[in-house]
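Written out below as structure tokens is the structure these notes cover.
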DNA sequence: GTCGAACTACGAAAGTCGTCGTACGATGGC
DNA sequence: GCCATCGTACGACGACTTTCGTAGTTCGAC
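Given below as structure tokens:
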């Protein structure tokens, strides 16, 4: 079963590279240009957190980001009429550390954008961007989330 | 950041339980009823491989199954006008062992169905089932696969 | 009967992922 | 200035995923 064109091997949906305003994690992708960070002439960190540009968003990374119940919940609530929400507003059943991890996965995949507001981090869906890149994908996922029962299938 | 309703924890998109006709893998989910296995009165294994029933297919498992470049390639080729294909026909750039692993992930998530034909394993998309469960999802993914460049984003 | 081919179970190795606790920084209120 | 709150970096842990090689099963051709 060998031959054919090479596929990307093993680099399981690498999150899109983002532009960093702080020291990146060791495993964070290298920063790139074209980020949507809005900066003044000051050197102070921007309130917007680094996010991938439109052409850096990959289907595998988006699907991987959505293939988790916690992240599906976050995306569902962001879609339910809220233009933006702070992390604490979600009432997630995991610790703050884990929540921060999930928000970062969503942001680095290009599913959400975040900016600071005081001590809070406001998150919003990149609805138009995802609709432009993968028409109908987010709507299908949100429709499915709205009616799928929570939790694993019955024993 | 605690509170709110419990989400399924950690059970990372558990593949839907399937009905087995052979000894399951140690980590395979327990067999369930309602499988689409077509059997005669004989005890011989059925040519159809076990697959989850419609109500056992979970969004997270489907998204997880699709969040991999090898499996996206398989699904893309199955969608490209082929009603069914044998495993060897895909020319995947991984070994037979790994290919078998990927086909099993797709089948257990409910994305494809498989049956034996001689020494071959014929695979087909569960197009109507997925359209019924998650309208527009598969079409969006296939449309995106058709135009997304292969491989990781440029350095 | 043997043989070749397709396919898989099993186990191992390496890497990834989700979880958490701890310690810290940034912000706003006082 | 201190304090409370929000959020995060870091590291650790356990489980999961992807990869492959090996040995085996099943099927069809001869």
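Chains as they are written, first to last, in UniProt numbering: chain A, 1 to 155; chain B, 1 to 155. Yeah, the Cβ is synthetic: ideal placement off N, Cα and C, and Gly gets one too. These figures come from a predicted structure and were not determined experimentally.
Chain-ordered chain B contacts of residue i [CB-CB under 7 Å]
i: residue 64 (chain A); result: 67
Per-residue contacts from residue i into chain B (C-beta, under 8 Å)
i: residue 72 (chain A); result: 59, 60
i: residue 139 (chain A); result: 136
Per-residue DSSP class, three states only, for residue i
i: residue 104 (chain B); result: helix
i: residue 88 (chain B); result: helix
i: residue 113 (chain B); result: strand
i: residue 48 (chain B); result: strand
i: residue 99 (chain A); result: helix
i: residue 138 (chain A); result: helix
i: residue 145 (chain B); result: helix
i: residue 132 (chain B); result: helix
i: residue 37 (chain B); result: In this prediction, residue 37 (chain B) scores a pLDDT of 39, lower than 50, which makes its location untrustworthy; no coordinate-derived value is stated.
i: residue 94 (chain A); result: coil
Boundaries (first-last residue) of the alpha helix (DSSP H) holding residue i
i: residue 64 (chain A); result: 59 to 66
i: residue 69 (chain A); result: 69 to 79
First through last residue of the beta strand (DSSP E) which encompasses residue i
i: residue 125 (chain B); result: 120 to 125
Under 8 Å from the C-beta of residue i: neighbouring residues of chain A
i: residue 144 (chain B); result: 59, 133, 134, 137
Beta-carbon proximity check, residue i vs residue j, cutoff 8 Å
i: residue 51 (chain B); j: residue 136 (chain B); result: no
i: residue 78 (chain B); j: residue 124 (chain B); result: yes
i: residue 140 (chain B); j: residue 97 (chain A); result: no
i: residue 144 (chain A); j: residue 134 (chain B); result: yes
i: residue 71 (chain B); j: residue 94 (chain B); result: no
i: residue 107 (chain B); j: residue 113 (chain B); result: yes
i: residue 132 (chain A); j: residue 138 (chain A); result: no
i: residue 57 (chain B); j: residue 102 (chain B); result: no
Contact between the stretch 56 to 76 of chain A and the stretch 60 to 75 of chain B (3+ Cβ pairs under 8 Å): yes
At least three beta-carbon pairs within less than 8 Å, the stretch 113 to 127 of chain B to the stretch 83 to 90 of chain B: yes
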